[in-house]
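To keep things clear, I will list the structure first and then write my remarks on it.
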Amino acid sequence: MATWKITDSMIDAISSSKLTGALPALNASNLTNLTAGNLSGTLPAISGASLTAIPAGNLTGTVADARISTLTASKLSGALPAISASNLTGLSAYTKSANDPVITTNPSGGVGTMWVNQSSGEVYICTDATSNENVWTNIGGGSGDVKLQWYGGRGVGMGGTTNTSYNGHTDNMSYVAISTLGNAVDFGNMTNSRLGGIGTASNNTRLVMAGGSNNYPTSLNTMDYITVASTGNATDYGDLTTACRYKGGVSNGTRGVYAGGYEAGSDPGAVASIDYRDVASTGNCSDFGDLSAAGQAGQHWSNGTRAIIASVGGNTNVIEYITVASTGNSTDFGDMTESSYADMVGGSETRACGATGNNNNTIYYVTMASTGNAQDFGDMTAARGVGGSCSDASRMLMWPGRASNTTIDYITVSTTGNAIDFGDLNYVSEQMGAGSGA
């Protein structure tokens, strides 16, 4: 029988119409020099189990996304080849550090950036990337978000007079840990002695002290500041727009606002002006707007957006509010449970509590987000005149308001009830100020 040798040119001329049935098994080593140009149409479905021992060098080109989506870990072994980072898209930034993020971290990845504290195991996501006002939400097993704060765990009381004739001015500053009962200890000294309901504003790190009097009934435009976490003497900050005493203070964590008070004497020197300046930036204040009435205002409290101002006009039951981040005149909020002046005010991010001055012992509260009249909270351990107040957003302290009383009271803001003895101030004082920070 004659045999024929099939040449390549003969194979080139074979078309699918001339082939029927199944091809015999072929040794893959005999399939050489195949190129994409010699193949057309669609290959039949081939079981992946039958494709074995194919070296990576024989695979070129791209694989369709649909093919990749069906890959499972059991079908992959060995090391993946090097992958260019430029091909990895849609991944959020991820930072590991021994410390927590801070409000000035300003992540380049913006909102959605993840941060892991390798020391504590805390995990945070940036939920607001506003420059220098970042909010980092704790999503791990711990608690506590990183955000702007206008309060902190250390309370500081300052100034006042050591007698009822207003000639015993002091420059003392003392502090306590708000979460722990106990007596106050020395912090340092202000730049000068003063009394007169010193207004304060905090950004958690820095506490600013505004106004007062060191020669009653004249007033000062002096503003000092301290770094709350470290003891020491105060430093000059700048000036109020007008020399003033009995001027309350408040902050939203960025901006400090100071309202009302007396320039000199009593009512003839009453002012309705509201001043402001960013807490982190030293310098003189600017005009914010006006209260509805001039006179001695109580301390203020903020929920980070809105600030309430108690006893507006002096010895009244009027509560007004402002939006701290904007400027403009104050607006009516509601009424206190009774008329008073120089109220001590603190609270949480949802509730503000006020303790009446003017030799009263009444404590009241309001809900910050909704306007309306105050409700009864309880009573202080004793009546006070002009005292300072501060809060860590859980507990509020009321510092002495009479030279005959060194007792510091406290309440738990989220509940109602009478105040409890916290400890004692380490010097005799009334007409002092107070604030809090880290």
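Adding 893 to a residue's 1-based position in the sequence shown gives its number in this note's numbering.
Even glycine gets a Cβ: it sits at the ideal position worked out from N, Cα and C.
Closest by C-alpha distance to residue 1320, out of 1037, 1053, 1030, is 1053. Checking the DSSP bridge columns, you'll see residue 1289 partnered with 1284, 1304. With distances taken between CA atoms, residue 1186 lies nearest to 1211 out of 1315, 1241, 1211. Looking from the CA of residue 1298, the closest CA among 1056, 1005, 1040, 1017 belongs to 1056. Only exposed fits residue 1123, as fewer than 16 other CB atoms lie within 10 angstroms of its CB. Taking the Cα of residue 1120 as reference, the smallest distance to any Cα among 1128, 1164, 1114 is reached at 1128. Burial check for residue 1092: the Cβ neighbour count within 10 Å reaches 16 or more, so the residue is buried. Spanning the alpha carbons of residue 1287 and residue 1244 requires a straight line of approximately 10 angstroms. Contact holds between the segment 1311-1328 and the segment 1036-1054, because three or more Cβ pairs, one in each stretch, are under 8 angstroms apart.
At the C-beta level, residue 1132 and residue 1147 stay beyond 9 angstroms of one another. About 6 angstroms separates the beta carbon of residue 1080 from that of residue 1067, a gap short enough to meet the 8 angstroms contact definition. For residue 1261, no beta strand (DSSP E) run applies, since DSSP gives it neither H nor E. Of 1200, 1238, 1209, the smallest CA-CA separation from residue 1222 is found for 1200.
With a minimum length of 4 residues, there is no unbroken run of alpha helix (DSSP H) contained wholly in the segment 1092-1130. Counting other Cβ atoms within 10 Å of its Cβ, residue 995 stays below 16 and is therefore classed as exposed. Rounded to whole angstroms, the separation of the alpha carbons of residue 1060 and residue 1108 is 7 angstroms. In the DSSP assignment, residue 989 falls within the beta strand (DSSP E) that extends over 987-990. If you draw a straight line from the Cα of residue 1269 to the Cα of residue 1262, it is about 18 angstroms long.
Residue 1189 is classed as buried because its beta carbon has at least 16 other beta carbons within 10 Å across all chains shown. When secondary structure is reduced to three states using DSSP, residue 1033 falls in the coil class, being assigned neither helix nor strand. Uninterrupted beta strand (DSSP E) stretches at least 3 residues long and entirely within the segment 1023-1084 occur at 1028-1031, 1047-1051, 1063-1070, given in chain order.
Distance from the CA atom of residue 1038 to the CA atom of residue 1025, rounded to whole angstroms, is 15 angstroms. Apart from the 5 residues on each side of it in sequence, residue 1196 sits with its Cβ closer than 6 angstroms to the Cβ of 1242, 1261 in its chain, given in chain order.
Residue 1112 and residue 1137 do touch by the CB rule: their CB atoms are close to 5 angstroms apart, below 8 angstroms.
Contact annotation, residue 1301 with residue 1318: C-beta distance approximately 6 angstroms; criterion of less than 8 angstroms satisfied. Non-local beta-carbon contacts of residue 1198 in its own chain, meaning distances under 8 angstroms to residues more than five positions away in sequence, involve 1145, 1216, 1217, 1218 in chain order. Of the candidates 1070, 998, 1236, the residue whose Cα lies closest to the Cα of residue 1154 is 1236.
Counting other Cβ atoms within 10 Å of its Cβ, residue 987 stays below 16 and is therefore classed as exposed. Residue range 1199-1202 is occupied by the beta strand (DSSP E) that includes residue 1199.
Taking the CA atoms as reference points, residue 1291 sits about 8 angstroms from residue 1248.
Taking residue 1088 as reference, the option from 1070, 1246, 1076, 1141 with the minimal CA-CA separation is 1141.
Selection 1071, 1152, 1029 evaluated against residue 1169 yields 1152 as nearest (Cα-Cα). Within the segment 1134-1171, the beta strand (DSSP E) runs of at least 3 residues that lie entirely inside it are, in chain order, 1141-1144, 1148-1152, 1166-1171. Membership of residue 1309 in any beta strand (DSSP E) is not indicated, and neither H nor E is assigned to it by DSSP. If you check the CB distance, residue 1227 and residue 1192 do not come in under 9 angstroms.
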